[in-house]
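A short worksheet on the structure shown next.
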Amino acid sequence: MASLTSYLTPTATLPKDGLAGALAGRAWRPEVGGPSLVAIRAGGVIDITSTAQTMRDLAEMEEPAKIVREAPGERIGSLEDLLANTLEETRNNNLPWLLAPADLQAVKAAGVTFPRSMLERVIEEQAKGAPEKAEAIRLQVNRQLGGDLKNLVPGSPQAAELKKTLIEQGAWSQYLEVGIGPDAEIFTKCQPMAAVGHGMSAGLHPNSVWNNPEPEVVLVVSSKGRIAGATLGNDVNLRDFEGRSALLLSKAKDNNASTVLGPFVRYLDETFTLDSIRRIEVSLKVEGEDGFELSGRSSMAEIARDPADLVKQMVGRHHQYPDGAVLFLGTMFAPVKDRGAKGQGFTHKPGDVVTIAAPELGCLASVMRLSTEAPVWAFGTGALMRNLARRGLLK
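According to this note's numbering, the sequence shown is numbered sequentially starting from 23.
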């Protein structure tokens, strides 16, 4: 039977090169009644909140990687102990545990950034939320688009020509518009402070019958639009809701515990650069309590829009984010393996263990629950400000 426990060890969680990178995150400290910013070092988990009060503040600093490596702080435990205490079922509430590595930043997501997943969005739209129609529509859409789109540059003259042809055929789609048109889809995934982290429950709306994980690289971006680092994310998606109407996107994407981030942010330095991000290959595994298994991959080398270009579309003179943002970059992976009846494809069941991993960023594991059964989100931005003020940390 699938279990989160095996993924909550330092070996399973950390990047392939261990602690070579500058890794930081957040931990809940019961003795202060709130979260602390922590650096993950060879000596353990170090609270550096006296230097950087929030993940937002760290991303705004000139050299975040240097701060993560060198800032003085208090050791609050070993990584092994904090990982073990993050599991909800066995947690000791008197000891610290890990949280999602984001706080005040806006949580944004870019959609339809990979040709393969773009086709699945078109299929959802035409299926109108009915999974049993997907297989036949998939064959039809692939015939209409006429082959591999991975070399098509969004917004290019060739893309404009394909759009013209598809309109004439009556095959144009709003998803093709953001997939190959000049403007990227960038939406709000959840509110600041709402994301859940490694080893926690991830939420599915109780009315959804067709849904999937979306394994993604997530950029950490400063208020000036500078890419400071990256982490992993699961953009939990309800295919049936969005397939019924694109206007249900917010309901399909933003539910209790439906945004998963972690395990840590790796900040850019000599060991990890923007080019490193461009080469990341993300793997996904789903293990069900019913014995079902699904695996896949998403290669950043196949993204249609460069990460730096997506950041420019998100932040600039046209739109400011004073507290910065984390930006999901999208996925090429859209699961189609049948889990039940033939032709109905994949959907989650409660209890599924989802692991998302990349050698450069580590492993992000969660267990699927109904959003109505996942822990209630109760500690928001106001609570964080009051807590930091009580601790004398606001400057």
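Beta carbons are placed, not taken as given, at the ideal position from N, Cα and C, and that holds for glycine.
Here the structure is a predicted model, which means the values were calculated and not measured.
Based on Cα-Cα distance, which residue from 94, 67 and 389 lies nearest to residue 118?
-> The residue given as residue 118 occupies position 96 in the sequence shown. Residue 118 has its Cα closest to that of 67, out of 94, 67 and 389.
Looking only at its own chain, which residues have a Cβ that is under 7 Å from the Cβ of residue 264, when we skip the five neighbours before and after it?
-> Mapped onto the sequence shown, residue 264 falls at position 242. Within the same chain, residue 264 has close Cβ partners 146, 270, 271 and 274.
Would the beta-carbon of residue 41 fall within 8 Å of that of residue 64?
-> Looking up residue 41 in the sequence shown gives position 19. Looking up residue 64 in the sequence shown gives position 42. In contact: residue 41 and residue 64 (Cβ atoms closer than 8 Å).
Secondary structure of residue 83, DSSP reduced to three states | On the sequence shown, residue 83 is found 61 positions in, with the first residue counted as 1. It is coil, neither helix nor strand.
Indicate whether the contact test is met: 3 or more Cβ pairs, each with one atom in the segment 25–36 and one in the segment 217–225, closer than 8 Å.
-> yes
Determine the contact status of residue 206 and residue 327, defining contact as a CB-CB distance below 8 Å.
-> As a first step, residue 206 is located in the sequence shown; it is residue number 184 there, counting from the start. As a first step, residue 327 is located in the sequence shown; it is residue number 305 there, counting from the start. For residue 206 and residue 327, yes; Cβs fall inside 8 Å.
For residue 397 and residue 115, the rounded distance between their alpha carbons | Residue mapping note: residue 115 aligns to position 93 of the sequence shown, counting from 1. Residue mapping note: residue 397 aligns to position 375 of the sequence shown, counting from 1. If I take the Cα positions, the gap works out to 14 Å.
Would you call residue 414 buried or exposed, if buried means 16 or more other Cβ atoms sit within 10 Å of its Cβ?
-> Here residue 414 is taken as the residue at index 392 of the sequence shown, counted from 1. Residue 414 comes out exposed.
With DSSP as the reference, please indicate the residues paired to residue 68 in a beta bridge.
-> To locate residue 68, count along the sequence shown from 1; it is residue 46. The partner list for residue 68 (beta bridge, DSSP) reads 61 and 97.
Other residues of its chain near residue 381: CB distance less than 6 Å, five sequence neighbours each side excluded = On the sequence shown, position 359 is the one that residue 381 refers to. Cβ neighbours of residue 381 beyond the five flanking positions: 38.
Given that a residue counts as buried once 16 or more other Cβ atoms are within 10 Å of its Cβ, and exposed if not, what is residue 148?
-> Start at 1 with the first residue of the sequence shown, and residue 148 comes out as number 126. Classification of residue 148: buried, given that the 10 Å Cβ count is 16 or more.
Residue 209, buried or exposed, once every other Cβ within 10 Å from all chains shown has been counted against 16 = Position 187 of the sequence shown, counted from the first residue, corresponds to residue 209. Its Cβ having fewer than 16 others within 10 Å, residue 209 is exposed.
Sorted by chain position, which residues of the same chain lie with C-beta nearer than 8 Å to residue 109's C-beta, five sequence neighbours on each side aside?
-> Here residue 109 refers to the residue found at position 87 of the sequence shown. 26, 27, 30 and 221, listed in sequence order.
Identify every residue that forms a DSSP beta bridge with residue 29.
-> The residue labelled residue 29 in the question sits at position 7 within the sequence shown. Residue 29 is not bridged to any residue.
Residue 252 lies in the beta strand (DSSP E); which residues open and close that run?
-> In the sequence shown, counting from the first residue as 1, residue 252 sits at position 230. It spans 249–257 - the beta strand (DSSP E) in which residue 252 sits, taken as one unbroken run.
Three-state class that DSSP yields for residue 343 in the structure shown | In the sequence shown, counting from the first residue as 1, residue 343 sits at position 321. Reduced to three states, the DSSP call for residue 343 is coil.
Could you tell me whether the Cβ atoms of residue 350 and residue 131 are closer together than 8 Å?
-> In the sequence shown, the residue the question calls residue 350 occupies position 328. In the sequence shown, the residue the question calls residue 131 occupies position 109. Yes, these two residues count as a Cβ contact at 8 Å.
What separation, rounded to the nearest whole angstrom, lies between the Cα atoms of residue 418 and residue 181?
-> Look at the range of the chain in this structure, 23 to 417, and you will see that residue 418 is not part of it.
Scan the segment 277–358 and note each continuous beta strand (DSSP E) run of 3 residues or more that stays entirely inside, going in chain order.
-> 281–289, 303–309, 315–321 and 347–350
For residue 185, the three-state DSSP class (helix, strand or coil) | Position 163 of the sequence shown holds residue 185. Note: residue 185 maps to helix in three-state DSSP.
Classify residue 233 as helix, strand or coil using the three-state DSSP reduction.
-> To locate residue 233, count along the sequence shown from 1; it is residue 211. DSSP places residue 233 in strand when its eight states are reduced to three.
Have a look at residue 329 and residue 283 and give me their C-alpha separation to the nearest angstrom.
-> Mapped onto the sequence shown, residue 329 falls at position 307. Mapped onto the sequence shown, residue 283 falls at position 261. Roughly 18 Å between the two C-alpha positions.
Is residue 192 buried or exposed, if buried means 16 or more other CB atoms sit within 10 Å of its CB?
-> Residue mapping note: residue 192 aligns to position 170 of the sequence shown, counting from 1. Looking at its Cβ environment, which holds fewer than 16 other Cβ atoms inside 10 Å, residue 192 is exposed.
Smallest Cα separation from residue 232: which of 395, 213 and 262?
-> By one-based count along the sequence shown, residue 232 stands at place 210. Measuring from the Cα of residue 232, the nearest candidate turns out to be 262.
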